[in-house]
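Peer 1: Below is the structure I would like to discuss, written out as structure tokens.
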Amino acid sequence: MNCIAGPSRVITRGPLRALRHASSASAQTAPSLPTNFGQFLPREHPGAAGEHHTPQDILKAAAQGPSPGWSWKPPPDRRGASEKRALEKLVRQQHTPHPHPKQIEFENARAPMDEFGDGSLDNEGLESVPLGSIIELRRSRGAVYLACLIGRVMGLDTSKTLLRSLSPSGFVLTHSLHDIYFTVPSYFPKALVNACGFGELPTNRVEENSRLAIIRRLSELSRDVEKTLIAIKPRAASLHKSFRAADPDAWAALSVIDAARFIDRTNPSKMPATRTIFATHKYMFNDATRFLMDPLRHRVSQAFNVRPESDVDAIVKTRDWILNDDPILQRFIERAGSVIRESRSIRRTSGPIEPIKTPSPTLPLFSASDKKIIRALQISVERTRFVQDDPLELSGEAIVKQTGLFEDLPEHREALSLFLSELGIYTPWKDFTENRILVPRRTKEQAEAFEEDGRQMLKLHEERKNIVGPEAPLDLCRHDHCNFIRHDFGQLPVYVIDDPTAEELDDGISSESIPGSDDLRIHIHIADPTRLLHPDNVFSREARNRAGTVYFVDHTIPMLPGTLVNAGMTLQPGGPLHTLTFSARVDPSGDLSDIEIRPGLIHNVTRITYDEIEAGLGSGPPYNSDLCRLLSADSEAPATHSPNPALPTDALQQLQTAAKWMQQRRMSRDWFFRSSPSAEIDLETRDLPGNPPLPASPTLWHGFPKAKIQHVVGVGPSHALVAEYMMACARMAGKWAYERGIPLIYRGSESPIAPGPDAVAEALTLRDEANMVDEKVFARLGIVAVPAKVGVEPMRHFSMGVSRKEGGYARVTSPLRRYSDLVNHWMIKAALRDPSLRLLPYSKAELAAIATELHYRETMLARQMRANRRLWLCRFVFQALATDEYPEARDMLRTSISAVVIDTVQVDVSGKPHEMEISILDLGEKGVLNSLTREQGNRLSAGDEIKVRVSHVLLESVPRIYCDLVEE
Numbered sequence: 001m002n003c004i005a006g007p008s009r010v011i012t013r014g015p016l017r018a019l020r021h022a023s024s025a026s027a028q029t030a031p032s033l034p035t036n037f038g039q040f041l042p043r044e045h046p047g048a049a050g051e052h053h054t055p056q057d058i059l060k061a062a063a064q065g066p067s068p069g070w071s072w073k074p075p076p077d078r079r080g081a082s083e084k085r086a087l088e089k090l091v092r093q094q095h096t097p098h099p100h101p102k103q104i105e106f107e108n109a110r111a112p113m114d115e116f117g118d119g120s121l122d123n124e125g126l127e128s129v130p131l132g133s134i135i136e137l138r139r140s141r142g143a144v145y146l147a148c149l150i151g152r153v154m155g156l157d158t159s160k161t162l163l164r165s166l167s168p169s170g171f172v173l174t175h176s177l178h179d180i181y182f183t184v185p186s187y188f189p190k191a192l193v194n195a196c197g198f199g200e201l202p203t204n205r206v207e208e209n210s211r212l213a214i215i216r217r218l219s220e221l222s223r224d225v226e227k228t229l230i231a232i233k234p235r236a237a238s239l240h241k242s243f244r245a246a247d248p249d250a251w252a253a254l255s256v257i258d259a260a261r262f263i264d265r266t267n268p269s270k271m272p273a274t275r276t277i278f279a280t281h282k283y284m285f286n287d288a289t290r291f292l293m294d295p296l297r298h299r300v301s302q303a304f305n306v307r308p309e310s311d312v313d314a315i316v317k318t319r320d321w322i323l324n325d326d327p328i329l330q331r332f333i334e335r336a337g338s339v340i341r342e343s344r345s346i347r348r349t350s351g352p353i354e355p356i357k358t359p360s361p362t363l364p365l366f367s368a369s370d371k372k373i374i375r376a377l378q379i380s381v382e383r384t385r386f387v388q389d390d391p392l393e394l395s396g397e398a399i400v401k402q403t404g405l406f407e408d409l410p411e412h413r414e415a416l417s418l419f420l421s422e423l424g425i426y427t428p429w430k431d432f433t434e435n436r437i438l439v440p441r442r443t444k445e446q447a448e449a450f451e452e453d454g455r456q457m458l459k460l461h462e463e464r465k466n467i468v469g470p471e472a473p474l475d476l477c478r479h480d481h482c483n484f485i486r487h488d489f490g491q492l493p494v495y496v497i498d499d500p501t502a503e504e505l506d507d508g509i510s511s512e513s514i515p516g517s518d519d520l521r522i523h524i525h526i527a528d529p530t531r532l533l534h535p536d537n538v539f540s541r542e543a544r545n546r547a548g549t550v551y552f553v554d555h556t557i558p559m560l561p562g563t564l565v566n567a568g569m570t571l572q573p574g575g576p577l578h579t580l581t582f583s584a585r586v587d588p589s590g591d592l593s594d595i596e597i598r599p600g601l602i603h604n605v606t607r608i609t610y611d612e613i614e615a616g617l618g619s620g621p622p623y624n625s626d627l628c629r630l631l632s633a634d635s636e637a638p639a640t641h642s643p644n645p646a647l648p649t650d651a652l653q654q655l656q657t658a659a660k661w662m663q664q665r666r667m668s669r670d671w672f673f674r675s676s677p678s679a680e681i682d683l684e685t686r687d688l689p690g691n692p693p694l695p696a697s698p699t700l701w702h703g704f705p706k707a708k709i710q711h712v713v714g715v716g717p718s719h720a721l722v723a724e725y726m727m728a729c730a731r732m733a734g735k736w737a738y739e740r741g742i743p744l745i746y747r748g749s750e751s752p753i754a755p756g757p758d759a760v761a762e763a764l765t766l767r768d769e770a771n772m773v774d775e776k777v778f779a780r781l782g783i784v785a786v787p788a789k790v791g792v793e794p795m796r797h798f799s800m801g802v803s804r805k806e807g808g809y810a811r812v813t814s815p816l817r818r819y820s821d822l823v824n825h826w827m828i829k830a831a832l833r834d835p836s837l838r839l840l841p842y843s844k845a846e847l848a849a850i851a852t853e854l855h856y857r858e859t860m861l862a863r864q865m866r867a868n869r870r871l872w873l874c875r876f877v878f879q880a881l882a883t884d885e886y887p888e889a890r891d892m893l894r895t896s897i898s899a900v901v902i903d904t905v906q907v908d909v910s911g912k913p914h915e916m917e918i919s920i921l922d923l924g925e926k927g928v929l930n931s932l933t934r935e936q937g938n939r940l941s942a943g944d945e946i947k948v949r950v951s952h953v954l955l956e957s958v959p960r961i962y963c964d965l966v967e968e
């Protein structure tokens with residue numbers, strides 16, 4: 001068995017120091033099972049005790065029945081007979097449409113469409129779970145299944161690769177990788193699994209008997225695990241007490257393997273038995289009161305977060321008060337009802353944000369028991385995964401119902417979140433998508449402490465910069481280690497192009513004519529924070545922990561403190577600026593040659609906005625959909641910008657010429673990537689006020705934020721211009737490093753999954769100037785993009801049009817906001833200082849570990865940012881539907897808006913239509929189409945453009961916009 005789990009650790013929930021660094025722990029891997037194929041036979045079989053059976057022996061028995069040498073027949077009422085009868089029944093039903101009841105149950109137990117999923121360190125590749133693995137499948141509503149993975153298929157409805165697994169009852173379940181929560185890899189021999197086939201039913205005797213051999217062993221294992229689960233309960237009951245944090249308000253973490261060792265009293269150097277690990281996993285999963293599954297990568301980490309003692313006490317006592325109809329609960333409900341009624345009578349749902357001053361002298365103070373009930377309700381609302389039971393679901397619903405104030409809301413969690421908001425626990429703009437484990441804490445005090453730490457670091461640097469000796473973690477680099485090779489670019493014009501509100505200015509571009517040639521010399525100047533930051537600096541460590549700057553709609557969590565960035569790291573015009581500059585010769589065919597990488601010094605820097613570039617290129621203001629415009633604070637058409645005189649027309653045209661050459665080169669290749677509409681939300685006021693985690697009394701607010709919402713389709717000319725130079729820079733870095741044997745963190749992607757070559761050929765003909773293909777074309781053709789991957793050697797990057805032979809694609813353009821780019825800068829500059837590569841800060845193996853860790857973190861942070869943006873867009877849609885603030889937008893939402901079908905209707909094996917995913921074109925956001933009839937479900941196909949109306953909006957940790965189909 002291979003179980004992957006990190007060591008147990010403590011996570012503090014109270015105030016943290018501004019600086020913290022959680023080093024990555026090495027994964028623990030259990031040894032593989034011995035090759036004893038006799039274990040796949042029923043226990044009564046004489047061959048089950050043997051240790052030298054081969055896969056061929058098992059296959060022979062499966063295909064032909066027991067061989068004469070074994071002389072064994074299963075007794076009629078012994079183990080395996082019921083499975084045999086079940087399988088024979090399935091074979092007899094081969095040509096009938098009746099599914100197994102468990103298949104119906106599994107299909108009906110679908111998790112919410114937008115659940116995070118199980119982000120994994122193996123890049124979510126389907127190959128990460130080998131065929132023949134024993135797996136545990138889980139879906140919402142408590143659906144849990146043991147199975148053996150027997151095949152992979154392309155979904156006919158979704159064009160996505162799915163997995164097929166054989167259950168102990170003989171039926172086959174079709175599922176995704178994210179349905180798997182526990183794995184025993186490669187448990188069954190590959191030959192035996194291949195002989196099973198992976199169709200819904202066996203088609204011949206070999207497949208039938210091969211499946212029988214597997215389901216017998218699955219049944220035995222299932223019974224063994226259940227017996228073990230009963231046996232371990234007395235010892236497992238002390239897990240929480242033994243591993244919870246000493247601080248009653250702090251979280252801890254516990255791997256399944258460490259828990260199994262504790263239960264089984266196994267020597268720490270040994271691995272517990274498979275059945276003990278499996279039973280421990282089930283025990284912890286079932287005890288949601290005390291253990292919360294890893295919310296982001298449970299399948300890989302096999303770890304649980306150990307709830308704080310105070311949280312467990314709040315859950316247990318609240319449940320008891322509800323079950324016993326305790327007067328404590330009734331007093332809380334009465335107080336809560338009075339606060340909510342008063343709030344509703346005086347609160348302005350729109351307008352300026354300000355605290356509510358109630359007519360009462362003071363709002364009631366929350367008692368100690370009130371706070372326990374409130375904390376228990378918060379735990380229920382703030383879940384981000386739904387396969388594990390909510391320890392307070394029915395209890396929380398009972399509390400809200402007894403107020404008599406939330407009868408019209410469609411879902412329990414929606415009612416709870418609104419209840420806590422109107423009670424003054426949450427602000428109306430509370431971020432329910434926030435993940436308190438991955439994203440660093442972001443209180444105002446901590447943000448200020450982070451910036452103050454930067455100031456203190458600069459002060460300490462001034463005091464210690466003349467000290468001789470090795471640089472310590474509290475030291476910045478005392479001198480410029482690349483000063484002797486730094487190139488001064490003199491008065492070469494450098495243009496820094498970004499949004500007007502951008503703070504981390506980390507790239508600029510320039511170009512030069514080459515005398516006697518049509519070719520051009522381009523330079524991409526990147527900010528050089530490694531002039532001050534060495535890998536062991538405390539801010540470098542914290543940057544690794546944060547992985548990158550996180551851009552939420554309402555605030556930003558920087559990777560590095562602004563006080564440090566603005567002290568000589570950014571490319572803000574004014575004074576000489578230090579850079580790491582990537583230069584190359586570009587010919588009209590778009591090829592890059594004569595690549596140079598030099599630490600640089602630039603002086604003539606001009607900052608220009610994207611809008612000014614658009615004006616200089618003759619483009620009009622960006623398109624905005626009517627709906628996004630009507631949801632904005634200023635619903636007028638956008639103003640037209642004038643060209644910036646600081647960027648001469650001939651200089652802009654030269655930059656554009658080089659970009660066009662490079663773009664045409666990439667267009668000549670067979671590659672493309674998916675284009676999806678989106679909405680950019682720019683709040684008028686960021687860093688909104690917040691309530692304490694558990695306030696002593698209700699804290700209520702008037703008003704709601706206003707924003708400018710911009711509908712974004714594709715890439716505008718100015719963004720395309722800058723992007724072309726940034727992609728060229730990544731190509732230069734990859735090629736230059738590969739030619740010198742320098743490992744870097746490379747990114748890559750494979751070709752998308754498509755039903756056939758015709759689909760890809762058609763997609764290639766439908767590319768726009770930026771090589772983008774519209775998402776509705778992807779949906780119609782059944783094309784599915786493959787996630788990006790990372791490594792320390794060049795690889796193909798299909799979505800960027802870069803081959804491995806060219807040197808691959810290594811990102812280096814954002815060292816102020818992306819730690820992987822910072823790492824690549826350290827590697828490149830070490831090689832520039834010493835071409836013998838003796839000064840490289842990381843070995844290839846160390847760099848590979850960093851790349852894997854960062855890729856996981858960056859993927860999760862990207863999901864977090866998307867979820868936050870979706871929540872805010874849902875909030876503005878909700879405001880339009882529930883208030884009179886945006887009446888024209890409300891009419892559009894309630895009447896008819898445009899959408900496209902992304903996934904065809906999901907119909908379970910009983911024929912019942914499920915929700916389907918759509919892209920709401922007018923909003924630039926995904927939605928859910930529900931209330932479909934069977935006829936409508938059969939009529940709709942992926943890629944169809946339809947009209948919908950918004951029925952309701954959910955504002956919670958998984959925000960969603962639900963729509964009804966509008967028949968034309």
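Each residue of the sequence shown is one higher than the last, beginning at 1 in the UniProt record's numbering.
Heads up, the beta-carbon is just placed ideally off N, CA and C, and yes, glycines get one too.
Would you list the one or two residues that DSSP bridges to D488?
Peer 2: Position 488 of the sequence shown, counted from the first residue, corresponds to residue 488. DSSP, once it has assigned bridges, lists L601 as partnering D488.
Peer 1: Strictly under 8 Å for the Cβ-Cβ distance: is I333 near chain C by that measure?
Peer 2: Judged by its chain identifiers, the structure shown contains no chain C, having just a single protein chain.
Peer 1: Taking I902 as the reference, give the member of T443, A882, V928, R585 with the closest Cα.
Peer 2: Looking up residue 902 in the sequence shown gives position 902. Among T443, A882, V928, R585, the Cα nearest to that of I902 belongs to V928.
Peer 1: Taking Cβ to Cβ, would you say A737 is nearer than 8 Å to L781?
Peer 2: Your numbering for residue 737 matches position 737 in the sequence shown. Your numbering for residue 781 matches position 781 in the sequence shown. In this structure, L781 does not lie closer than 8 Å to A737 by Cβ.
Peer 1: Three or more C-beta pairs under 8 Å: does that hold for the segment 276 to 284 against the segment 164 to 175?
Peer 2: No: fewer than three Cβ pairs fall under 8 Å.
Peer 1: For Q456, count the other beta carbons within 10 Å of its own beta carbon; 16 or more makes it buried, fewer makes it exposed. Which is it?
Peer 2: To locate residue 456, count along the sequence shown from 1; it is residue 456. Flag for Q456 reads exposed.
Peer 1: Please report the straight-line C-alpha distance between S513 and L520, rounded to a whole angstrom.
Peer 2: In the sequence shown, residue 513 corresponds to position 513, counting from 1. In the sequence shown, residue 520 corresponds to position 520, counting from 1. For S513 and L520, the distance between alpha carbons rounds to 5 Å.
Peer 1: Which residues bound the alpha helix (DSSP H) around Q664?
Peer 2: Numbered from its first residue, the sequence shown carries residue 664 at position 664. Per DSSP, Q664 belongs to the alpha helix (DSSP H) from 649 to 667.
Peer 1: Drop a sphere of 10 angstroms on the beta-carbon of V966, count the other beta-carbons inside from all chains shown, and report buried for 16 or more, exposed for fewer.
Peer 2: Walking along the sequence shown from the start, residue 966 turns up at place 966. Answer is exposed; the Cβ neighbour count stays below 16.
Peer 1: For a quick check, are the C-beta atoms of S421 and F432 less than 8 Å apart?
Peer 2: Position 421 of the sequence shown, counted from the start, is the residue given in the question as residue 421. Position 432 of the sequence shown, counted from the start, is the residue given in the question as residue 432. No.
Peer 1: Name the two residues that bound the continuous beta strand (DSSP E) containing N938.
Peer 2: Reading the sequence shown from its first residue, position 938 is the one you call residue 938. Counting along the chain, N938 falls outside any beta strand (DSSP E), though it belongs to the alpha helix (DSSP H) covering 934 to 939.
Peer 1: In angstroms with no decimal places, state the Cα-to-Cα distance between H479 and A651.
Peer 2: Start at 1 with the first residue of the sequence shown, and residue 479 comes out as number 479. Start at 1 with the first residue of the sequence shown, and residue 651 comes out as number 651. Taking the straight line from one Cα to the other gives about 35 Å.
Peer 1: In whole angstroms, what separates the C-alpha of L617 from that of D498?
Peer 2: For this step, residue 617 is matched to residue 617 along the sequence shown. For this step, residue 498 is matched to residue 498 along the sequence shown. Those two C-alpha atoms are separated by around 16 Å.
Peer 1: Between which two residues does the alpha helix (DSSP H) holding R205 run?
Peer 2: Position 205 of the sequence shown, counting from 1, holds the residue named residue 205. Counting along the chain, the alpha helix (DSSP H) containing R205 begins and ends at 205 to 236.
Peer 1: From T609 to P500, what does the alpha carbon distance come to, in whole angstroms?
Peer 2: The count along the sequence shown starts at 1 and reaches residue 609 at position 609. The count along the sequence shown starts at 1 and reaches residue 500 at position 500. Cα to Cα, T609 sits roughly 6 Å from P500.
Peer 1: Quick test of the definition: if touching needs 3 or more C-beta pairs under 8 Å, does the segment 731 to 746 touch the segment 791 to 811?
Peer 2: As far as the Cβ criterion goes, the segment 731 to 746 touches the segment 791 to 811, which means the pair count is three or higher.
Peer 1: For D326, collect the residues of the same chain with a Cβ closer than 7 Å to its Cβ; drop the 5 residues on either side in sequence, then sort them by chain order.
Peer 2: Taking the first residue of the sequence shown as position 1, residue 326 is located at position 326. Closer than 7 Å at the Cβ level, and outside the excluded window around D326, lies no residue.
Peer 1: Does DSSP put W671 in a helix, a strand or coil?
Peer 2: As a position in the sequence shown, residue 671 is number 671, starting the count at 1. Looking at W671 - three-state DSSP - the assignment turns out to be coil, as it is neither helix nor strand.
Peer 1: Please name the residue or residues paired with Q710 in a DSSP beta bridge.
Peer 2: Locating residue 710 in the sequence shown gives position 710, counting from the first residue. Beta-bridge pairing links Q710 to E680.
Peer 1: Can you determine whether any heavy atom of the ligand HEM sits closer than 7 Å to the C-beta of L416, and answer yes or no?
Peer 2: In the structure on display, the ligand HEM does not appear, and there are no ligands present to speak of.
Peer 1: Assign G927 to one of three DSSP states: helix, strand, or coil.
Peer 2: Here residue 927 is taken as the residue at index 927 of the sequence shown, counted from 1. Correct three-state label for G927: strand.
Peer 1: When the Cβ atoms of the segment 318 to 325 are set against those of the segment 672 to 688, are three or more pairs found closer than 8 Å?
Peer 2: No, the segment 318 to 325 does not touch the segment 672 to 688.
Peer 1: To the nearest angstrom, how far is it from the Cα of G199 to the Cα of R139?
Peer 2: As a first step, residue 199 must be located in the sequence shown, where it is residue number 199. As a first step, residue 139 must be located in the sequence shown, where it is residue number 139. Straight-line Cα distance between these residues: approximately 22 Å.
Peer 1: M916 by DSSP, collapsed to three states: which one?
Peer 2: What you label residue 916 is simply residue 916 of the sequence shown in a count that begins at 1. M916 falls in the strand class under three-state DSSP.
Peer 1: Tell whether a beta-carbon distance below 8 Å holds between W872 and P428.
Peer 2: Residue mapping note: residue 872 aligns to position 872 of the sequence shown, counting from 1. Residue mapping note: residue 428 aligns to position 428 of the sequence shown, counting from 1. It is not a contact, given that the beta carbons lie outside the stated cut-off.
Peer 1: Check each candidate in R869, G490, D453 and name the one with the smallest Cα separation from residue 973.
Peer 2: The requested residue 973 is not part of the displayed model; the chain covers only 1 to 968.
Peer 1: Since I believe L627 is in contact with V605 (beta carbons under 8 Å), could you give me their beta-carbon distance rounded to a whole number of angstroms?
Peer 2: As a working note, residue 605 is residue 605 in the sequence shown. As a working note, residue 627 is residue 627 in the sequence shown. Their Cβ separation, rounded to whole angstroms, is 39 Å, which puts V605 and L627 out of contact at 8 Å.
Peer 1: Just to confirm, is the Cβ distance from L137 to H175 under 8 Å?
Peer 2: Within the sequence shown, the letter at position 137 stands for residue 137. Within the sequence shown, the letter at position 175 stands for residue 175. Cβ atoms of L137 and H175: closer than 8 Å.
Peer 1: Could you tell me how far apart the beta carbons of H825 and P815 are, in whole angstroms, since I believe they sit closer than 8 Å?
Peer 2: Taking the first residue of the sequence shown as position 1, residue 825 is located at position 825. Taking the first residue of the sequence shown as position 1, residue 815 is located at position 815. Contact flag correct, Cβ pair sits at about 5 Å.
Peer 1: Per DSSP, L162 forms a beta bridge with which residues?
Peer 2: Within the sequence shown, numbered from 1, the residue matching residue 162 stands at position 162. Note: L162 sits in a beta bridge opposite V153.
Peer 1: Using only the alpha-carbon positions, how far apart do S896 and V877 sit?
Peer 2: Residue mapping note: residue 896 aligns to position 896 of the sequence shown, counting from 1. Residue mapping note: residue 877 aligns to position 877 of the sequence shown, counting from 1. Between S896 and V877, the C-alpha separation is close to 14 Å.
Peer 1: Could you please give the first and the last residue of the uninterrupted alpha helix (DSSP H) stretch that includes N537?
Peer 2: Position 537 of the sequence shown, counted from the start, is the residue given in the question as residue 537. Run containing N537: none; DSSP gives neither H nor E here.
Peer 1: Classify N537: buried if its beta carbon has 16 or more other beta carbons within 10 angstroms, exposed otherwise.
Peer 2: The sequence position of residue 537 within the sequence shown is 537, counting from 1. By the neighbour-count rule (16 or more Cβ atoms within 10 Å), N537 is buried.
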